[in-house]
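Heads up: the structure comes next, in structure tokens.
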Amino acid sequence: GRISSESSRMANLVEDLLTLARLDEGRPLDITDIDLVKLADNAIFDLQALDPTRTVGLIGTNGHTPPMTLVVPGDRDRLSQVFTNLIGNIVRYTPQGSPVEIALGRSADTAIVELRDHGPGIDETDRGRVFERFYRADSSRNRKSGGSGLGLAIVSGILAAHRGNVSLTKTKGGGLTVRIELPTA
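In structure tokens form, the structure reads like this:
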């Protein structure tokens with residue numbers, strides 16, 4: 001019941017804090033060739049397992065066909081955690097059954113991944129701050145949904161350790177687009 005769910009929430013919080021501490025220490029990443037298409041496929045599987053009513057489309061950026069592979073040097077566990085945290089936010093903060101697109105592409109020597117949802121989005125005034133530790137865009141909504149305010153700080157830290165970055169924009173038609181950029185070499 002309630003004690004079990006609180007214990008689980010606290011265990012997740014401790015794990016998030018440990019991840020941030022490791023990032024702060026600058027612990028070396030276990031770099032191998034990572035195919036972002038496979039990570040996106042895993043994210044789609046996870047999202048549909050958490051919410052079978054959702055349609056999730058894998059598309060290319062800028063109307064292109066999605067690439068068959070999109071390889072970057074990276075730490076598999078850490079990059080998987082980026083997808084896990086972002087998928088968790090989509091499930092937590094968007095209406096059940098609302099569609100999601102994962103767009104993949106490349107621009108010169110940069111791999112691009114965009115997760116686009118059709119939920120309430122995040123106010124433009126909050127967008128710059130959501131990557132700060134413990135910051136929650138709407139405290140009442142987040143308290144109810146159980147967010148710790150660490151997920152996007154972890155995403156940002158992991159991507160920075162990979163010489164990449166993350167940004168937020170409004171999805172056409174409403175919602176939030178999370179754009180990840182990672183160097184391909």
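The sequence shown begins at 1 in the UniProt record's numbering and counts up by one. All C-beta atoms, glycine included, are put in the ideal place defined by N, C-alpha and C.
{"Item": "Which value, in whole angstroms, describes the spacing of the CA atoms of Gly105 and Thr65?", "Value": "9 angstroms"}
{"Item": "Got a sec, what are the start and stop residues for the alpha helix (DSSP H) Ile122 sits in?", "Value": "No alpha helix (DSSP H) holds Ile122; DSSP gives it neither H nor E."}
{"Item": "Mapping the DSSP letters down to three states, classify Val130 as helix, strand or coil.", "Value": "coil"}
{"Item": "When the Cα of Arg116 is compared with those of Arg22, Lys170, Ile3 and Leu39, which residue comes out closest?", "Value": "Lys170"}
{"Item": "I believe Thr184 touches Asp109 by the beta-carbon criterion, under 8 angstroms. Please report the beta-carbon distance rounded to the nearest angstrom.", "Value": "5 angstroms"}
{"Item": "Buried or exposed: which applies to Gly175, given that a residue is buried once 16 or more other Cβ atoms fall within 10 Å of its Cβ?", "Value": "buried"}
{"Item": "At what residues does the alpha helix (DSSP H) containing Leu50 begin and finish?", "Value": "Leu36 to Leu50"}
{"Item": "Go through its chain and collect everything with a Cβ distance to Ile87's Cβ below 6 angstroms, but skip five positions before and after it.", "Value": "Ala43, Asp46 and Leu47"}
{"Item": "Is Ile3 near Val82, with beta carbons less than 8 angstroms apart?", "Value": "no"}
{"Item": "What does the alpha-carbon distance come out to for the pair Ser131 and Met68?", "Value": "Note that residue 131 corresponds to Phe in the displayed sequence, not to Ser. In a straight line, the C-alpha of Phe131 is about 31 angstroms away from that of Met68."}
{"Item": "Can at least three beta-carbon pairs, one atom from the stretch 54 to 61 and one from the stretch 96 to 104, be found at a separation below 8 angstroms?", "Value": "yes"}
{"Item": "Going by alpha carbons, who is nearest to Glu25 out of Ser167, Val166, Val72 and Ile158?", "Value": "Ile158"}
{"Item": "Skipping 5 residues on each side, what residues in its chain have a beta carbon closer than 8 angstroms to that of Thr53?", "Value": "Gln96 and Gly97"}
{"Item": "Helix, strand or coil for Leu23 per DSSP?", "Value": "helix"}
{"Item": "Suppose only complete runs of 4+ residues qualify. What are the alpha helix (DSSP H) ranges in the stretch 60 to 126, listed by chain order?", "Value": "76 to 93"}
{"Item": "Nearest to Thr19 by alpha carbon, out of Ala161, Val166, Thr177 and Leu36?", "Value": "Ala161"}
{"Item": "Just list the beta strand (DSSP E) runs in the stretch 148 to 175, keeping only unbroken ones of 3 residues or longer that don't cross its boundaries, in chain order.", "Value": "165 to 170"}
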